[in-house]
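Here my numbering runs 5 ahead of the position in the sequence shown, where the first position is 1. Just so you know, even glycine gets a beta-carbon here, dropped at the ideal spot from N, CA and C. Working notes for the structure below.
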Amino acid sequence: MREGTEDASSGARREASGNLPGRPDAGGVSFIIPCFNERENLPRLVEEALATLPGLLPEFELLLVDDGSADGTREEAQRLARLDPCVRALAHERNRGMGAAIRTGLAQARFPWSMSVPGDGQFDPARVADFLPHRPDADLLLGCRTNRVEGVRRRLVSWVNRTLIRILFLVRVQDPAWVKMVRTDLARRCNLTSDGFFWETEILVRASRLGAHLRDVPTACRSREHGVSTASTLRSVVRTALAMLRFRIAGGRP
């Protein structure tokens, strides 16, 4: 574990000692995959997951959450779900945001662990193997990208996000905006409310307050093949920063 993460999580554990039940160190994983206009990326992601995950996990499910897409993502998710019982298609009637899609997935998750995975295919399902050895020792595993494939603007946004989390909430993590594997019961106890990208900060802070043990897990990412990310648009960045400030003012700190 990185020193900063150890300091932040251990402090939270002292404050909330005994709040968490026993940690499931194995078992199935529910993969929550928010999708907004990812029709072209979904087939590859699902095909890779179905080919790789049976060799890594005793049980798993892929929860494809269409967030009001306009490009046929919902229909593609439903088609993929008909082909394999491990795939389930969920949908929002309108675009509500990534945080809302995560909550929809968590409400339907069947297994003791849940993992957020982007629907754009930037996460290779084979990299799930990076996380599994750490489950006995942590409650929330945070993917830390060892390679950055995005441009300068996206890197700047990531740095600002990480710095604000450290300053406002005293939680030190290396890469707050990448994939996360979390105990499903813990994620539900966090009572997430954010509809947008702020959910990624909200779960860190709320989990820390509950006494969760956070750990950075080095892993890789890859470039998306189709479409354009909306995570680093000016509108999204401003909304996330304002959400952090409002949450901090309201007392959201570990």
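Fill in: Burial state of Arg258, where buried means 16 or more other Cβ atoms lie within 10 Å
Taking the first residue of the sequence shown as position 1, residue 258 is located at position 253. The pLDDT assigned to Arg258 is 48, lower than 50, so where the model puts this residue is not dependable, and the model offers no usable value.
Fill in: Whole-number beta carbon distance between Asp221 and Gln179, since they are thought to touch under 8 angstroms
The residue given as residue 179 occupies position 174 in the sequence shown. The residue given as residue 221 occupies position 216 in the sequence shown. About 5 angstroms separates the two Cβ atoms, so the contact holds.
Worksheet item: Buried or exposed: Gly23, going by 16 or more other Cβ atoms within 10 Å of its Cβ?
Response: By one-based count along the sequence shown, residue 23 stands at place 18. Caution is warranted here: a pLDDT of 43 is assigned to Gly23, below 50, making its placement in the model unreliable, and the coordinate value is therefore given only provisionally. So Gly23 ends up on the exposed side.
Practice prompt. Note down, in chain order, each residue of its chain lying with its Cβ closer than 7 angstroms to the Cβ of Ser274, except the 5 sequence neighbours on either side.
Written response: Not covered by the structure: residue 274. The range shown for the chain is 6 to 259.
Discussion item. Taking CB distances under 8 angstroms as the criterion, tell me whether Thr198 reaches chain D.
Written reply: Among the protein chains of the structure shown there is no chain D, as only one such chain exists.
Worksheet item: Can you tell me whether DSSP reads Val243 as helix, strand or coil?
Response: By one-based count along the sequence shown, residue 243 stands at place 238. Helix at Val243.
Worksheet entry | Option in Leu62, Val70, Arg87 with minimal Cα separation from Ala112 | For the purposes of this step, residue 112 is identified with residue 107 of the sequence shown, where counting begins at 1. Per the Cα distances, Val70.
Fill in: Proximal residues to Glu191 (C-beta, below 8 angstroms), its chain only, five neighbours per side dropped
Position 186 of the sequence shown holds residue 191. Before going further, note that residue 191 is Leu rather than Glu in the sequence given. Excluding positions up to five away in sequence, the list reads Leu25, Asp144, Leu145, Ala212, Leu215, Ala217.
Discussion item. Rounding to the nearest angstrom, what Cα-Cα distance links Val133 and Arg240 in this structure?
Written reply: Locating residue 133 in the sequence shown gives position 128, counting from the first residue. Locating residue 240 in the sequence shown gives position 235, counting from the first residue. Rounded to the nearest angstrom, the two C-alpha atoms are 31 angstroms apart.
Discussion item. Just to confirm before moving on: does the CB-CB distance between Ile37 and Gly148 stay below 8 angstroms?
Written reply: Along the sequence shown, one-based indexing puts residue 37 at 32. Along the sequence shown, one-based indexing puts residue 148 at 143. For Ile37 and Gly148, no; Cβs fall outside 8 angstroms.
Worksheet item: Nearest-angstrom Cα distance between Pro29 and Pro59?
Response: In the sequence shown, residue 29 corresponds to position 24, counting from 1. In the sequence shown, residue 59 corresponds to position 54, counting from 1. For Pro29 and Pro59, the distance between alpha carbons rounds to 19 angstroms.
Discussion item. Just list the residues that DSSP pairs Ile37 with in beta bridges.
Written reply: If you number the sequence shown from 1, residue 37 lands on position 32. Paired residue(s): Leu68, Ser121.
Worksheet item: Do you know how far the Cα of Leu67 is from the Cα of Leu88?
Response: Locating residue 88 in the sequence shown gives position 83, where the first residue counts as 1. Locating residue 67 in the sequence shown gives position 62, where the first residue counts as 1. When rounded, the distance between both Cα atoms is 12 angstroms.
Worksheet item: Looking only at its own chain, which residues have a Cβ that is under 6 angstroms from the Cβ of Arg19, when we skip the five neighbours before and after it?
Response: For the purposes of this step, residue 19 is identified with residue 14 of the sequence shown, where counting begins at 1. Confidence is the limiting factor: at Arg19 the pLDDT is only 29, short of 50, which leaves the residue's position unreliable, though a coordinate-based value still follows. Excluding residues within five positions, none has a Cβ falling inside 6 angstroms.
Practice prompt. Name the residue from Ile170, Val210, Cys226, Val122 whose alpha carbon lies nearest to the alpha carbon of Ala246.
Written response: By 1-based counting over the sequence shown, the position of residue 246 is 241. Selected option, being the one with the closest Cα: Ile170.
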